[in-house]
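One line per chain: the protein sequences are A and B, in this order. Under the working numbering, the letters of the first sequence match residues 67 to 193, in that order. Under the working numbering, the letters of the second sequence match residues 67 to 193, in that order. For glycine and all other residues, C-beta sits at the position ideal for the given N, C-alpha and C. Let me begin by presenting the structure, written as structure tokens, before commenting on it.
Protein chains: 2
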Amino acid sequence: MRCTPQRYAVMSFLMEHTGHPTAAEIFEVVNRVDPRSSRATTYNNLRDLVKAGLVREVAVEGRAARFDAKGTRHHHFICDRCGEVEDMGWYDVPRPASRSLGKRILRECELIFRGLCTKCARQHASR
Amino acid sequence: MRCTPQRYAVMSFLMEHTGHPTAAEIFEVVNRVDPRSSRATTYNNLRDLVKAGLVREVAVEGRAARFDAKGTRHHHFICDRCGEVEDMGWYDVPRPASRSLGKRILRECELIFRGLCTKCARQHASR
DNA sequence: CAGATGTTTAGATTATGTCTAATATAATAT
DNA sequence: ATATTATATTAGACATAATCTAAACATCTG
Chain A
67 MRCTPQRYAV MSFLMEHTGH PTAAEIFEVV NRVDPRSSRA TTYNNLRDLV
117 KAGLVREVAV EGRAARFDAK GTRHHHFICD RCGEVEDMGW YDVPRPASRS
167 LGKRILRECE LIFRGLCTKC ARQHASR
Chain B
67 MRCTPQRYAV MSFLMEHTGH PTAAEIFEVV NRVDPRSSRA TTYNNLRDLV
117 KAGLVREVAV EGRAARFDAK GTRHHHFICD RCGEVEDMGW YDVPRPASRS
167 LGKRILRECE LIFRGLCTKC ARQHASR
């Protein structure tokens, strides 16, 4: 995988921003800085970076997927209300018994916390 | 929430099938049996059933959401390759420290296993 | 340099899901 | 029982997210 300007822009943006932008946001911001990429390229590069294991894709119910540079290991908190994805420190997760795994090949265990983010919790309280 | 024939068809289909169909599949099968529902109604009912806590929606990266009647508690295994979602027995998940939770309001902890399902693991081996 | 491979692009296309406005059905009040 | 109100359904238009296409461009390799 070559390190093209477009690809580099996507990767470095993700590394510098611990938020979890959608593909559209990444495209928009990266092109606002230096308008040299296209929508398709942004999607292509995100797919490639995910495939290469450098970036994580987080699917959110009913919303666009979000992306995240794989730095230190962490879990995710997803807000039920606004869909925001936030990092939550990592801790080891008990693996399933190999009996219950059967012939499946386990690659990873992911823990997702759901509820209201700080902002939505505040709005929720003041109603 | 009234129990209409259309809503009942969606719910009972989900309860009788432990697979995790997409909205399109549910619409198709339910209407093949008794063609009285529309696409919009299927989506409406799925949304309502999820909101009522009777059905769970599972977002899968790059693929259509899948649905699941909330029977006994369980975690999910998602196949990296075909996107199939399978149930995996339930066990308690360690909650994050309330310190790391901050002002967020935690509703649930979900454990997702990722890798290759039995079918894809077999194909993977015989290459 | 010449061919092979990898990358980008704009725009068309697909996939998934939501909205609208008219209609139908059922629950409640009179 | 009839009117009123609330809830649900429908077809098809619409919106959004993401992929595909085919041509152009860039970079590597011999």
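Handout entry: Residue environment, A/Met-154, which counts as buried when at least 16 other CB atoms sit within 10 Å
Key = Counted from its first residue, the first sequence places residue 154 of chain A at position 88. With 16 or more other Cβ atoms within 10 Å, it is buried.
Handout entry: Endpoints, beta strand (DSSP E) assigned at A/Glu-152
Key = As a position in the first sequence, residue 152 of chain A is number 86, starting the count at 1. From DSSP, the beta strand (DSSP E) with A/Glu-152 extends over 151-155.
Practice task
Closer than 8 Å by C-beta to A/Val-99: which residues in its own chain qualify, once you throw out the five before and the five after it? Chain order, please.
Solution key: Within the first sequence, the letter at position 33 stands for residue 99 of chain A. Cβ within range, chain order: Ala-75.
Problem - Secondary structure of B/Thr-138, DSSP reduced to three states - result: Walking along the second sequence from the start, residue 138 of chain B turns up at place 72. The answer is coil: DSSP assigns B/Thr-138 none of H, G, I, E or B.
Practice task
With DSSP as the reference, label A/Val-124 as helix, strand or coil.
Solution key: Against the first sequence, residue 124 of chain A aligns to sequence position 58. The answer is strand: DSSP assigns A/Val-124 an E or B state.
Practice task
Determine the chain B residues that contact A/Ser-104 at a beta-carbon separation under 9 Å, and present them in chain order.
Solution key: What you label residue 104 of chain A is simply residue 38 of the first sequence in a count that begins at 1. In chain order: nothing, as chain B lies at least about 19 Å away.
Practice task
Express the C-alpha separation of A/Ala-135 and A/Leu-120 in angstroms, rounding to a whole number.
Solution key: Residue numbering aside, residue 120 of chain A sits at position 54 when the first sequence is read from its first letter. Residue numbering aside, residue 135 of chain A sits at position 69 when the first sequence is read from its first letter. The straight-line gap from Cα to Cα measures roughly 6 Å.
Practice task
Drop a sphere of 10 angstroms on the beta-carbon of A/Ser-78, count the other beta-carbons inside from all chains shown, and report buried for 16 or more, exposed for fewer.
Solution key: The residue you call residue 78 of chain A lines up with position 12 of the first sequence. Exposed, by the Cβ-count rule.
Handout entry: Candidates B/Ala-118, B/Ala-131, B/Ile-178 and B/Leu-115, of which the one nearest B/Tyr-157 by Cα
Key = Numbered from 1 along the second sequence, position 91 holds the residue referred to as residue 157 of chain B. Checked all of B/Ala-118, B/Ala-131, B/Ile-178 and B/Leu-115; the closest Cα to B/Tyr-157 is B/Ile-178.
Exercise for the section: Sort out for me which residues DSSP pairs B/Gly-181 with in a bridge. Expected result: Start at 1 with the first residue of the second sequence, and residue 181 of chain B comes out as number 115. Paired residues: A/Leu-172 and B/Cys-145.
Practice task
Please confirm if A/Thr-184 has its CB atom under 8 Å from at least one CB of chain B.
Solution key: Looking up residue 184 of chain A in the first sequence gives position 118. By this cut-off, A/Thr-184 is an interface position.
Practice task
Consult DSSP for A/Thr-88 and reduce its assignment to one of helix, strand or coil.
Solution key: One-based indexing of the first sequence puts residue 88 of chain A at position 22. A/Thr-88 falls in the strand class under three-state DSSP.
Practice task
Say whether chain A places a C-beta atom closer than 8 Å to the C-beta of B/Arg-139.
Solution key: Counting from 1 along the second sequence, the entry for residue 139 of chain B is found at position 73. Chain A, which has no Cβ nearer than 8 Å to the Cβ of B/Arg-139, makes this no.
Practice task
Decide yes or no for the touch test of the segment 172-188 of chain A against the segment 163-173 of chain B: beta carbon pairs closer than 8 Å, at least 3 of them.
Solution key: yes
Exercise for the section: Within the same chain, show all residues whose beta-carbon is closer than 6 Å to that of B/Phe-143, passing over the 5 residues directly before and after it, in chain order. Expected result: In the second sequence, the residue the question calls residue 143 of chain B occupies position 77. Hits under 6 Å: Glu-152, Met-154 and Phe-179.
Exercise for the section: May I ask you to list the residues that DSSP assigns as paired with A/Phe-133? Expected result: Residue mapping note: residue 133 of chain A aligns to position 67 of the first sequence, counting from 1. Its beta-bridge partners are A/Glu-123.
Practice task
Leaving out five residues on either side along the sequence, give the residues of the same chain with a beta carbon under 7 Å from the beta carbon of A/Val-95.
Solution key: Counting from 1 along the first sequence, the entry for residue 95 of chain A is found at position 29. So the qualifying residues of the chain are Phe-79.
Exercise for the section: Look up B/Ala-163 in the DSSP assignment and say whether it is helix, strand or coil. Expected result: Taking the second sequence and counting its residues from 1, the one referred to as residue 163 of chain B is at position 97. The answer is coil: DSSP assigns B/Ala-163 none of H, G, I, E or B.
Practice task
Could you check what DSSP says for B/Thr-107 in three-state terms: helix, strand or coil?
Solution key: Counting from 1 along the second sequence, the entry for residue 107 of chain B is found at position 41. In this structure, B/Thr-107 counts as helix in the three-state DSSP scheme.
Exercise for the section: Have a look at A/Pro-162, A/His-141 and A/Cys-148 and flag the residue whose alpha-carbon is nearest the alpha-carbon of B/Ala-163. Expected result: As a first step, residue 163 of chain B must be located in the second sequence, where it is residue number 97. Nearest option by C-alpha distance: A/His-141.
Practice task
Name, going along the chain, the residues of the segment 83-96 of chain B whose beta-carbon falls closer than 7 Å to a beta-carbon of chain A.
Solution key: none
Practice task
Using 10 angstroms around the beta-carbon of B/His-86, count the other beta-carbons present and answer buried if the total reaches 16, otherwise exposed.
Solution key: The residue given as residue 86 of chain B occupies position 20 in the second sequence. That one is buried.
Practice task
Please report the residue range of the alpha helix (DSSP H) in which A/Ala-118 lies.
Solution key: Along the first sequence, one-based indexing puts residue 118 of chain A at 52. Premise fails: A/Ala-118 is in no alpha helix (DSSP H) and is neither H nor E.
Handout entry: Contacting positions in the segment 68-80 of chain B - beta carbon closer than 7 Å to chain A
Key = none
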